[in-house]
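Student:
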Amino acid sequence: MAHSFHIHPANSHLKWSNSLTPALTVASGSTVTFDLLDGGHNQIRPDNASTALRDFDFSMTDPAFGPVFVEGAEPGDVLKVEFLSLEPGDYGWTAVFPGFGLLADDEDIKAVTPSLKIWDLTREGTVKSGGGGRRLAVFKDGTGGEGGKGGGGGGKIAVPVRPFLGVCGVAPKEHGELSTIPPYAMSGGNMDCRDLSTVGATLYLPVNVPGALFSCGDGHAAQGDGEVCGTAIETPMKARLKLTIEKKSLREGKGWALGCPHYVTPRRTREEVEDEWDGDRGEYCALGVHEDVAEASRMAVRGVMDWLRAEKGLSRVEAYMLVSVAGKLRMSEVVDMPNYAVSCALPLGVFLD
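Under my numbering, the first residue of the sequence shown is numbered 410, with each subsequent residue one higher.
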């Protein structure tokens, strides 16, 4: 029987490297629990919100926790990561930092940067009915006082808590140190993919070095596709994962190998589908078209933000944050050159009034 192991908050690192000393050595098939600080290294909390952005140390961002050496893992194998449970903290935060985010160069964003929102993650209820036991992240309570810098009106807005880990990765093949901020094709890292690491999902990572040296971190209570303002609902997280090695011979016999991270999303029950917070009321969307994918993305995001300001009474920074934590940035068309089409969709189910 496989044993259970634990990674503590002190077992953190701010660079990816194949020379890191393992915090744990486990057998394939072991369950490991992780006690994770948030993506800002817990520098932002409800008790220091008034000064947190002023004192924020960016060199401490996106810590990874581990690494875990998995016995039997060799280059060419695959590390299978199963997400058994994820428990976010009682609070979270979303921030807009200078020079960071999809719209960092927009003058109206610069004018309200830096900006911070603290979320209370202890509330329960369902977005559709206001009953049940689903945790909510309330963006605005309907009084005009729940947004980021800039105030604004509008009714009640809430996002269901849907936890996942932004950082999941293994050691790179290359020698030296790599930043934990960007993701990497052959080792993962800060992928910030909302479907990749939810409870019930399975992630497959190429193994580059003996033992794989797996680490994770950057807990998110919720995030939109794109994380456009640069942050999600950042929160400390307790995670329980199962780590299993699949030998390269399993795929070699079928003529293929992993050239990047792969993942399988969890199957949902009928009750979960019926309770989907963003499906029953549709979405408001804007489509950006441009020869540059990034500029098409900006055009789409700005379009939804313009609508949120005009129709929902949100300030510019509130709209930016809401799209970051609940919007869906999608590649809609890539073949009709020279232009790309990117859509930004916001679920109408976030509006409770």
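Even for Gly, the Cβ is constructed at its ideal location relative to N, Cα and C.
Taking 8 Å as the threshold, find out whether the region 656–663 comes into contact with the region 441–461 through three or more Cβ pairs.
Tutor: The answer is no - the region 441–461 does not touch the region 656–663, with fewer than three Cβ pairs under 8 Å.
Student: Among Asp762, Gly628, Val505, Ser606, which one has its Cα closest to the Cα of Ala461?
Tutor: The residue with the shortest Cα to Cα distance from Ala461 is Val505.
Student: Where Gly639 and Phe509 are concerned, what is the direct C-alpha to C-alpha distance, given to the nearest angstrom?
Tutor: About 6 Å.
Student: Should Arg711 go down as buried or exposed, given a rule of 16 or more other Cβ atoms within 10 Å for buried?
Tutor: Buried, because 16 or more other Cβ atoms sit within 10 Å of the Cβ of Arg711.
Student: Look up Leu612 in the DSSP assignment and say whether it is helix, strand or coil.
Tutor: Here Leu612 sits in strand by DSSP.
Student: Using 8 Å as the Cβ pair cut-off and three pairs as the minimum, do the region 476–494 and the region 617–630 touch?
Tutor: A contact exists between the region 476–494 and the region 617–630.
Student: Considering Cα atoms alone, identify which of Ala630, Tyr693, Glu516 is closest to Arg532.
Tutor: Taking only the C-alpha atoms, the option nearest Arg532 is Ala630.
Student: What's the C-alpha gap between Gly564 and Gly758?
Tutor: In a straight line, the C-alpha of Gly564 is about 12 Å away from that of Gly758.
Student: Between which two residues does the beta strand (DSSP E) holding Met714 run?
Tutor: Here Met714 belongs to no beta strand (DSSP E); instead the alpha helix (DSSP H) covers 702–721.
Student: Do you know how far the Cα of Ala705 is from the Cα of Ala610?
Tutor: So the alpha carbons of these two residues sit roughly 30 Å apart.
Student: So, with DSSP's three-state summary, where would you put Asn599?
Tutor: Three-state DSSP puts Asn599 in a strand.
Student: Do Ala719 and Ser777 count as a contact pair if the criterion is CB distance below 7 Å?
Tutor: Lying outside 410 to 762, the shown extent of the chain, residue 777 is not represented and no answer is given.
Student: Can you tell me whether Gly557 is helix, strand or coil according to DSSP?
Tutor: Because the pLDDT at Gly557 is just 40, under 50, the model does not fix this residue reliably, and the value given afterwards should be weighed accordingly. Correct three-state label for Gly557: coil.
Student: Looking only at DSSP bridge pairs, what is Ala695 linked to?
Tutor: Per DSSP, Cys753.
Student: Check Gly498 in the structure and name its three-state DSSP category.
Tutor: Coil, per DSSP.
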